[in-house]
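A.B. asks: Quick note, my numbering runs 1 ahead of the 1-based positions in the sequence shown. All residues carry an ideal CB built from backbone N, CA and C; glycine is no exception. Here's a structure for you.
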Amino acid sequence: MPNLVKRLLTQHDLKEIADAIVKAEQSTSGEIRVDVRQRRSRKERSANIEELARREFHHLGMTHTKERNGVLLFLLLEDRELYILADESIHKKIEARAWQDIADGMASRFSKREFREGLIDAVSAVGGILAQHFPRQPGDTNELRNEVRVR
């Protein structure tokens, strides 16, 4: 795990965030992923946060969910940037303002050095939105891994 990530999030914190994903997904057919990076790679220096989040979204297989209802919380710690990316089915039902409100809440918690709490709050808020628009259905299966991806 990169040094900055280790200073901000312990293994226990990462497990609690993963547990929050599991809990949030219990009431929705939607899928939530969290990707925390220390920094951009050299190849990515010219890419903006949205482009990087889109690449990661595809890399994580989030475009392959049955209902196209995945949400990625993507963080670049050194750059102090974050982006929330929702798949196409979600864009049809949920305004971008909802994601901005969640991002603002995360940024507020992060400014107080409450990284675990900020991510858990965000995962819970995303889960609540997904549950309203994509409630869990009989036979629903977990399509994506729930652990926090760290690089």
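(1) Of the choices Arg56, Val35, Ile91, whose alpha-carbon is the least far from that of Glu45?
(2) Give every residue of the same chain whose Cβ lies closer than 7 angstroms to the Cβ of Glu79, excluding the five residues on either side of it in the sequence, and list them in chain order.
(3) Since Arg38 sits in a beta bridge, which residues does DSSP pair it with?
(4) Any idea which residues DSSP pairs Ile85 with across the strands?
(5) With which residues is Val6 paired in a DSSP beta bridge?
(6) For the putative contact between Leu15 and Val149, defined by C-beta atoms under 8 angstroms, what is the C-beta separation to the nearest angstrom?
(7) Using C-beta distances below 7 angstroms, list every residue in its chain close to Ala132, excluding the 5 sequence neighbours before and after it, in chain order.
(8) Ordered along the chain, which non-local residues of its own chain (more than five positions away) have a Cβ less than 7 angstroms from that of Lys67?
(9) Can you tell me whether Asp88 is buried or exposed, with buried defined as 16 or more other CB within 10 angstroms of its CB?
(10) Go ahead and pull the three-state DSSP assignment for Arg46.
(11) Bridge partners of Arg150, per DSSP?
(12) May I ask you to report which of helix, strand or coil DSSP gives Thr29?
(13) If you draw a straight line from the alpha carbon of Ala97 to that of Thr11, how long is it in whole angstroms?
(14) What residues in its chain sit with their C-beta under 7 angstroms from that of Tyr84, if we drop five residues either side in the sequence?
(15) Give me the Cβ distance between Ala126 and Ile103, rounded to the nearest whole Å; I'm assuming they're in contact under 8 angstroms.
(16) Use the C-beta contact count for Asp36: other C-beta atoms within 10 angstroms, 16 or more gives buried, fewer gives exposed.
C.D. replies: Result, derived from the coordinates:
(1) The sequence position of residue 45 within the sequence shown is 44, counting from 1. The candidate whose alpha carbon is nearest that of Glu45 is Arg56.
(2) For the purposes of this step, residue 79 is taken as the residue at position 78 of the sequence shown. Here the set comprises Leu5, Gln39, Arg40.
(3) Translated into positions along the sequence shown, residue 38 becomes position 37. DSSP, once it has assigned bridges, lists Leu77 as partnering Arg38.
(4) Here residue 85 corresponds to residue number 84 of the sequence shown, with the count starting at 1. Paired residues: Leu74.
(5) By 1-based counting over the sequence shown, the position of residue 6 is 5. DSSP lists no partner for Val6.
(6) Taking the sequence shown and counting its residues from 1, one reaches residue 15 at position 14. Taking the sequence shown and counting its residues from 1, one reaches residue 149 at position 148. Confirmed, Cβ separation roughly 5 angstroms.
(7) Taking the first residue of the sequence shown as 1, we reach residue 132 at position 131. Correct list, in chain order: Ser28, Thr29.
(8) Residue numbering aside, residue 67 sits at position 66 when the sequence shown is read from its first letter. Once the five neighbours on either side are set aside, the close Cβ partners of Lys67 are Glu144.
(9) By 1-based counting over the sequence shown, the position of residue 88 is 87. Asp88 comes out buried.
(10) Counted from its first residue, the sequence shown places residue 46 at position 45. In the structure shown, Arg46 sits in coil (DSSP, three-state: anything other than H, G, I, E or B).
(11) Along the sequence shown, read from residue 1 onward, the residue named residue 150 stands at position 149. Paired residue(s): Asp36.
(12) The residue labelled residue 29 in the question sits at position 28 within the sequence shown. Reduced to three states, the DSSP call for Thr29 is strand.
(13) Numbered from its first residue, the sequence shown carries residue 97 at position 96. Numbered from its first residue, the sequence shown carries residue 11 at position 10. Using only the alpha carbons, I get a separation of about 31 angstroms.
(14) Walking along the sequence shown from the start, residue 84 turns up at place 83. Residues Ile50, Glu51, Ala54, Phe75 of the same chain have their beta carbon placed closer than 7 angstroms to that of Tyr84, with the five preceding and five following residues left out of the count.
(15) Taking the first residue of the sequence shown as 1, we reach residue 126 at position 125. Taking the first residue of the sequence shown as 1, we reach residue 103 at position 102. That pair is a contact at about 5 angstroms.
(16) The residue given as residue 36 occupies position 35 in the sequence shown. The residue is buried, with at least 16 neighbouring Cβ atoms inside 10 Å.
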